[in-house]
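All letters in the sequence shown, in the order written, are residues 1 to 395 by the UniProt record's numbering. Here a beta-carbon is modelled for each residue, glycine too, at the ideal position from N, C-alpha and C. Being a predicted model, the structure only gives us computed values, none of them experimental. Here the structure comes first, spelled out in structure tokens, and everything after it is commentary.
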Amino acid sequence: MSKRNKELESEVFNWIFQVLGEPAPKGEFEDVLRDGVVLCNLMNKLTPGCIKKIQTKGTNFQLMENIQRFQAAAKNYGVPQEEIFQTADLFERRNIPQVVLSLFALGRITQKHPEFTGPSLGPKMADKNERTFTDAQLRAHEGELNLQMGYNKGASQSGHGGFGNTPDYVKTCFKKDPEFINCSTHSVQSLFDAIPKGEPAFGLEPLDPLKVPKIKILQGGGGPVTVNASLTNVTVVGFGKMQVLYNSVDPVTYDFLTKLRLERLRIDGLYELLGRILVIPLRGKGSCWFDAKNIDIVAKSDVTLVKRDGFHFYNVTAIHVKFGIGGLKLHMGNLFDGIKALEDSTNAYLNANWRPVAESLNPILSKTIEDIMLDILKKMFDNIPADYFIGDIED
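Here it is in structure tokens:
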């Protein structure tokens with residue numbers, strides 16, 4: 001069980017009674033909330049009439065039913081199931097910190113309800129800043145993203161003066177072909193299959209593992225994540241097994257729309273961090289790893305064509321990513337100056353609540369994927385002519 005934080009308990013406690021419009025009673029946090037009556041009244045304040053029966057006295061079983069009614073109402077209100085505490089956490093006082101975190105989650109969700117005009121709890125949620133794709137573009141794929149961040153591994157602009165025949169692993173497609181999208185999808189897949197270990201003939205560095213000297217992360221403002229961090233000596237494993245599910249090229253602008261899947265992406269490195277994720281303050285410096293699975297990505301690449309040495313080249317100027325993630329595990333060593341108990345409990349909490357953690361980190365993860373993919377595509381297409389991929393490019 002995590003260590004109790006009286007400051008957070010007091011913040012939650014006062015918020016509850018501010019919403020109820022009542023003075024906060026004296027007594028221990030868990031004693032006041034244990035019978036579930038206050039929690040049921042809270043949900044009825046947020047959603048009038050959502051809990052019709054509240055047991056003000058009775059057997060332990062009847063009082064526990066109050067907690068269960070609160071849990072069901074909180075879930076209907078929008079609190080993710082994995083963030084809702086267990087009945088025994090409160091009634092048997094098994095895990096009061098989890099009760100506090102659940103109530104913070106409820107306070108966070110109130111910000112999604114415009115009808116709620118009461119006091120806020122915790123940091124203000126970041127405004128959604130989705131990039132818009134058409135239904136045809138997304139092909140029923142869903143995801144989120146956003147953020148500000150830097151990635152400082154620049155792409156080579158050296159060029160390659162002596163281009164020969166089209167490599168065996170690149171299939172040339174033609175825009176006028178009715179099967180152009182299918183051909184383009186297979187062509188890009190063949191490319192990713194062939195070059196995970198690098199391609200010296202075209203000046204391409206290894207793709208898997210991918211070495212990144214430094215990633216700087218900065219996210220401030222009023223969102224659920226406030227982070228000032230850096231990753232150095234980063235190794236990314238997994239891009240070599242990229243599955244290309246769909247790739248289309250705009251016949252006029254040559255922008256790409258690509259649907260990808262990664263079964264696993266692991267990032268190892270050294271981190272330095274000061275910030276807050278959800279309600280957890282974080283401070284540390286040491287080694288870390290992040291292991292994500294079942295990542296579905298939709299990427300729109302902004303492209304211009306340039307001509308050099310008699311060939312056309314794709315100049316990828318930006319990438320916009322939407323993605324979904326099926327699982328996340330992570331570990332950060334030497335948190336809180338190496339206080340082992342705090343380090344272990346924090347890592348355990350972040351892993352147990354990976355889904356809301358991943359949602360909170362979505363802007364950072366999106367920007368990381370965008371910048372890494374931009375670097376990969378710049379290197380790739382700066383050295384391989386676009387004419388190798390499309391045989392009927394017009395000036």
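Beta-ladder partner(s) of residue i, from DSSP
i	result
THR226	ARG276
HIS113	According to DSSP, which records beta bridges pairwise, HIS113 is partnered with nothing at all.
THR304	ASN315
SER287	LEU270
ARG261	GLN243 and ASP296
GLU199	LEU204
LYS214	THR232
MET332	CYS288
VAL237	ARG266
Residue range of the alpha helix (DSSP H) that includes residue i
i	result
GLN55	First-last for GLN55: undefined, no H or E at that position.
THR87	87–91
VAL12	6–20
ALA24	Per DSSP, ALA24 belongs to no alpha helix (DSSP H) and is neither H nor E.
LYS45	37–46
LEU191	180–194
7 Å CB neighbourhood of residue i in its chain, flanking five on each side removed
i	result
PHE17	PRO23 and ALA24
ASP387	PHE311, HIS312 and ILE393
LYS112	GLY78
GLN62	GLN55
8 Å Cβ cutoff met for residue i and residue j
i	j	result
GLY284	LEU273	yes
LEU90	ILE67	yes
ASP268	THR235	yes
VAL227	ILE215	no
GLU370	HIS320	yes
VAL244	THR172	no
GLY238	LEU282	no
LEU328	VAL298	no
SER366	PHE336	no
SER187	PHE389	yes
LEU121	VAL12	yes
Contacting residues, own chain, Cβ-Cβ under 6 Å from residue i (five flanking each side not counted)
i	result
residue 401	Only positions 1 to 395 of the chain appear in the structure, and residue 401 is not among them; the question remains open.
GLY150	Low confidence applies to GLY150: its pLDDT is 32, below 50, so where it sits in the model is not reliable, and the reading given next is rough at best. Cβ neighbours of GLY150 beyond the five flanking positions: LYS216.
GLU205	GLY198
LYS300	LEU257 and HIS320
GLY118	VAL19
GLN189	VAL244
Residue span of the beta strand (DSSP E) that contains residue i, given as start and end
i	result
PHE29	Looking at the DSSP string, PHE29 is not in any beta strand (DSSP E); the run it does join, the alpha helix (DSSP H), is 29–33.
ASN247	243–249
Any non-hydrogen atom of the ligand ZN closer than 7 Å to residue i Cβ
i	result
LEU39	Of ligands this structure carries none, so the ligand ZN is not represented either.
Chain-order list of residues whose beta-carbon lies under 8 Å from that of residue i (same chain, five-residue window excluded)
i	result
LYS53	ARG69
THR87	MET64, ILE67, GLN68 and GLN71
**Request:** For the region 349–391, list the alpha helix (DSSP H) runs that are entirely contained and at least 4 residues long, ordered along the chain.
**Result:** 354–383
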